[in-house]
Structure formats: C-alpha cells, structure tokens
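A short worksheet on the structure shown next.
In mature numbering (1 follows the signal peptide of the UniProt record, and there is no 0), the protein residues as written are -18 to -1, 1 to 679.
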C-alpha cells in the first residue's frame, strides 16, 4: 500500500510538470507552446481520491473488528478503535478535497486558484501523521492524566487488584487451559547496568550518570497476575506501570513482536532501579504469579537492552564482543539464551563472555552470580536465564576490534532448484572442513527463486580469497544468474542498518530450527531431496525463508555441560520461517516447516534439538530440545532457587527432576527412499513466484 502511494505521488508530479511544453507555460500562458487538456490531471486525481478514501476506510474498519475481539476492557477497545477511526476523518477530508479538483481546470491563475485544494490536502496529510503519532504520545497522556488535567473514572490506587471476572483474568484462565502455565502475562521493567572488562565502557561516562554505571537501558519483564488479593507495587506513580484499561495499552505498551501469539498482560511495570525490580518480584511471588523478563521485545512467542547502545559504546574504544547484528535485539535475552553472532566462531557465544551478573531471584533477593559465587545460578543463566532470574547487571569480557574486515555476498537467481542444490552442497563441503578459519562467518538464505550467501571474514582480502568461496558458485548462463560482491572495509561495528530497520516490525510468523553437527551432515542425496521438497511443497504464504547459519569454532571449545547452553556441537543451524501478511500463519504453512525439519532429521538421524533463541511454541518437548542433557541439572537448580516456579512461561525449565530426559531421543534411522514418497505425495507441482515485501504501517 505504501509503495502504491509513492508510485501515485510520482505519477501526479510527472503529470503536473509534463502537461505543458515548455513547463513554464503552465504559469505563463502567453509563452509559445502547448498544454494537455486539464482533464488528464483531473481524471487521475478523481481516481486517486477514490483510492485514498477506500484505503482510509479499510484502515479504520478492518482493525476495529480485530480490536473488538481482543480480551481487554471495553474502554481500551474503544480507545484503540477511536485512534484507528482517525483515518475515517481523513477519508471525509479526502472527499471534501475532491470537490475542489475542478479548480485544476481554471487556467486564469493556476498558482492561486488551487489554494483551497492544497489546504485541504495538508489537512488530510496531518490527520494521518497525528494518527500515526498517537501511540508514541502515551507517556504525555499519562502525565496529563495523573496531574488531574483530565479526570479519571477509575484512578489507580496504591493496591493493584485484578478482578477474577475481568477480561485479564479470563485471558489468564484461557492461557492456563491452553498452555498449562497458570499465567496471565504482564510486564515488569528495570534499568540494566552493563559494564565490561578491559575498560571497554567508561563507568564515568556522562551518558550513564544518574544510573549506577555503564550502559543503561530499560528492560521489560513479563509477569502474570492472579486474584489472590491486592498486589501493592508502585502506588500512584503511573509512569512506573500501566494496566489493560489504560488507553493505548496494547499498541503503546505491549507491542507484541509476533502477532500470532498475542498475550494480554495484567500489568506492565517499568521500574527504575534493581530494588524496584526486587519489589515487583516479591509481589509476584507472594501473589503466586509468574514473572518473565522482556528485554528487547523480540521473542518469537512474545515471552520477552538493546545491542545497539552496546555497540555504540564499544566502537570508539576499539573493543568488540560476540553477539548478533541487529541493534534492536535485547541484550538481556540474547546473552542469557546463548547469543549467536558473526564473531562467535572466534570469541564464543555472547553468554560465554559473561564474567558475572547481578540477578534478582524468585524470592526478590539481589545476588551476584559468577564462577565463584552462586555457581549453579551462573551455570543456569548462561543459556536458560529466563527460567531463573532477572539480570540487572552484566560484567562482560571484550576483545580488541579487528582493523579491517572483508564482507562478501553472492546472489544466485534461478528457476531450476538444481543450481541451489549444487551450491548448497559446495557450501556444506566448505564449512565442514576441520581446519576452516575461525575468522570466517557465513549465512545462506533461501527464498523464492533466489539464494544469498553472505558473511564477514575478519581479516584481509588475501586471506579470504584463499578460501576460494567463489568455487561453490554456479557459472552464469541463460538459466541462472550468479553475482558476487567482496569488499574490504575498516571495522565499523556489528550493527546492520537494514536488519535494525526491519527488525522491530511486528508480524505474523512461525519459525522452526534444526541443528546439524559434523556427525549429522546431509548427504548430497539428502540435500537434493530437501530442495525438491522446498520447491514442490505448498507454503501457504508467498513470504518464506530458509536460513543456514554457520556456528562451530570457539563455541565448540566449551564443554556442553559447562553452561546451560547445550548446542556446542552444532556446525550450523537451519532456521525456517513463514510470514503471513494479514492473518495468523496457516496450518498449511506450519505443515510445510514441520515437514522440512522432519525430513532433515529423519534423513540424517539428527536429534530434536532446537536453538532456544529461535522459539518454537509448538515443540513437543521444549526442555529436551533446548537444553538436552543439561535439563536434569537445570531442574535441580530450579527446584532450589525457584521452587514456586515464579519465572515461568510455557517453555521454561520445570521444577520436577526428570533424569530420563537425557539422552535426547533421536529420530529413527532413515531407510533409503522412505521419506521422499510420503512428502512428495503432499507436494504441489507449482511453486510460488512472487516474494511480497511486507510493510508494517
């Protein structure tokens, strides 16, 4: 829709300036030359007004129905609907503006006569801008509200009670039945204090004054609420919390990342100190409700500071850490789940760089976790942190930044999957070499009709060229296009502006992951079978991706049982996505992803392992898949530190010890030809040919 609006604007400008030759005859009629009939511009303008009016009405009506079906107070629904209905006002203004279009045909004074038309156009544009800005103005509305400038029908009292018959309570009961989690989720927040060794972050930096030290970001924590009485948190300071009955609660505060898993929390609390985090956790513990940290808000199932600020602090100091490329990912979740990045093959996981952490545990105590202090908690938070505590401070190791890096990207476009099959076979041969340089990172991304292989080599071009990565590329022909770009540039940090810009868009999506080790490498026949399945199977959506991320190196140097993170043996992960544009992901799409994962597992004998950062809410046994043989120890630590299971969501570590969970059950050994027929019977013979670019408006 946004693309169409831009195209229409370009056409309008072109029509205005192209209608007269020379252009100056448009305002100076005495000049020699000619002009089109004004009807050309008028007819197009009438059509554009009709289109704009229709889209404004759709944006006002369609979301209103969805909001009304949400489990939240009617006042909140009404506020959301009223906000979206502002586009209806824009539609009315567009209609009024359309009545002035004949002024275009008045050539007596073409720069003065259209003034009313221009003014109504400005009114229309500003209504849309105001509607888009309303969600971000919630703090202002709260401040006006709490100072009494606007009367409140139900002011927050010092005791925050949840009515067991309220919509939030009903939503909690629904989640209990669905997930057996006894949770109606809410958010709690705190400032995170992060500093690193080697003086990587100046503790006296003016930007961090007013907090305790280091980089300060707001961390949100998801907490569920029940009806066991009143929970006193922060009194009447509404800047520190919000409730479902507040206006713009859903859009302004909850802002789910994955729209397929919309949980309506009972409260969102944003403390400013670790002591306030402690108070909130104590309240939750007493009330018997669950707490979950929501760091950057990018959990695939919305369980959920940002890496961008950390990069900004490290770069001028010439230091680096191994973590992901997307600046808007939250550091709290990233570092306590594992944390994969382009430097991980050299420096290990983000969680491997934690020297110590200050944590708020289930009873509200503030403790330090390190190798020598609370070692069991230190083990647990490095890979399964969201099951055990809220981390309010990290002390991290850093490393010197490289002087230069070599970035590479190869793009293959073809209709015949044979080219993709051969290229991936070559890529797997390259990355499975036992002496592969740890300076080399690589990712393969497959979408409809194209494959991209890109990454970073942390060193000079000459050393990168010695890897001979171009040898895996197909030769250009009429059937395939292969393009490559390799550049050596000074190191400028890890953030990818494209990923950062798109990484915060809420979408409907579903993802699965499969681990490949050196013992479960795919044969050439399996790779061919996999690409045939991808090509022929109905996706249920034109927007899908399959991504293979290279791991290994320093990650594998650490024992699988040294930290909670289990997947030290991974050579690469396969992550598959399907995105739905306007509605929840269909069963057809989920079946496509499940079939792809099962095919790889059955053909290679791979186990049911899954990377815990690629949350899959539909895993049969998430504990086993995420933490493998570390689960029994984690369950023991959980029973000791969080016996009441305060830190929980549907996939957290349980408090019940289960030694039988290890070893991980592997898929049965494949028999030759047993998988392909079963899958191919389900395949269609047509492949999707259009990749839709998703815009979140």
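The beta-carbon is built from N, C-alpha and C at its ideal position, and this holds for glycine as well. Predicted model, so just to flag it, every value in this text is computed and none were measured.
C-beta atoms of residue i and residue j nearer than 8 Å
i	j	result
residue 531	residue 555	yes
residue 553	residue 637	no
residue 557	residue 493	yes
residue 612	residue 502	no
residue 562	residue 571	yes
residue 438	residue 407	no
residue 535	residue 327	yes
residue 351	residue 360	yes
residue 436	residue 391	yes
residue 313	residue 292	yes
residue 38	residue 70	yes
residue 329	residue 322	no
residue 68	residue 112	yes
residue 696	residue 513	Since the first residue of the chain shown is -18 and the last is 679, residue 696 is not available in this structure.
residue 628	residue 272	yes
residue 618	residue 510	no
Residue i burial status per 10 Å Cβ neighbour count (16 or more: buried)
i	result
residue 483	Low local confidence applies: a pLDDT of 37 at residue 483 is under 50, so the model's placement there is unreliable, and no value is given.
residue 582	buried
residue 585	buried
residue 253	buried
residue 315	buried
residue 6	exposed
residue 12	exposed
residue 149	Confidence at residue 149 is low in this model, with a pLDDT of 35, below 50, so its placement is unreliable and the value that follows should be read with caution. Per the 10 Å Cβ criterion, buried.
residue 247	buried
residue 25	exposed
residue 444	exposed
residue 28	exposed
residue 526	buried
residue 250	buried
residue 296	buried
residue 34	buried
residue 533	buried
residue 169	Unreliable placement is indicated for residue 169, whose pLDDT of 36 sits below 50; the coordinate value is still reported in the next sentence. The residue in question, residue 169, is buried, as its Cβ has 16 or more Cβ neighbours within 10 Å.
residue 2	buried
residue 564	exposed
residue 401	buried
residue 44	exposed
residue 409	buried
residue 15	exposed
residue 256	buried
residue 301	buried
residue 394	buried
residue 19	exposed
Bounding residues of the alpha helix (DSSP H) (the contiguous stretch that carries residue i)
i	result
residue 563	From DSSP, residue 563 is part of no alpha helix (DSSP H); its letter is neither H nor E.
residue 620	613 to 623
residue 68	68 to 80
residue 100	97 to 115
residue 413	399 to 413
residue 348	Not the alpha helix (DSSP H): residue 348 falls in the beta strand (DSSP E), residues 348 to 352.
residue 297	Run containing residue 297: none; DSSP gives neither H nor E here.
residue 605	604 to 609
residue 512	506 to 518
residue 1	Looking at the DSSP string, residue 1 is not in any alpha helix (DSSP H), and its letter there is neither H nor E.
residue 635	Looking at the DSSP string, residue 635 is not in any alpha helix (DSSP H), and its letter there is neither H nor E.
Terminal residues of the beta strand (DSSP E) in which residue i lies
i	result
residue 222	It is not in any beta strand (DSSP E) - residue 222 carries neither H nor E in the DSSP assignment.
residue 428	425 to 429
residue 276	273 to 276
residue 497	490 to 499
residue 336	336 to 342
residue 527	525 to 532
residue 573	No beta strand (DSSP E) holds residue 573; the alpha helix (DSSP H) holding it covers 569 to 586.
residue 436	432 to 439
residue 313	Taken as a continuous stretch (DSSP letters only), residue 313 belongs to no beta strand (DSSP E), being part of the alpha helix (DSSP H) at 313 to 319.
Proximity test, Cβ basis, 8 Å: residue i and chain B
i	result
residue 432	The question asks about chain B, but that chain is absent: this structure has only one protein chain.
Can at least three beta-carbon pairs, one atom from the segment 452 to 470 and one from the segment 507 to 524, be found at a separation below 8 Å?
-> no
Inter-stretch contact at 8 Å, needing at least 3 Cβ pairs: the segment 349 to 366 / the segment 599 to 614 = yes
At least three beta-carbon pairs within less than 8 Å, the segment 543 to 550 to the segment 339 to 353 = no
Enumerate, from N- to C-terminal direction, the unbroken beta strand (DSSP E) stretches of 3 or more residues contained entirely within the segment 356 to 387.
-> Listed in chain order, they are 372 to 378.
Flag this pair as touching only if the segment 105 to 113 and the segment 60 to 80 have three or more C-beta atom pairs under 8 Å; answer yes or no.
-> yes
Is there contact here, the segment 415 to 422 with the segment 372 to 381, by at least three beta-carbon pairs under 8 Å?
-> no
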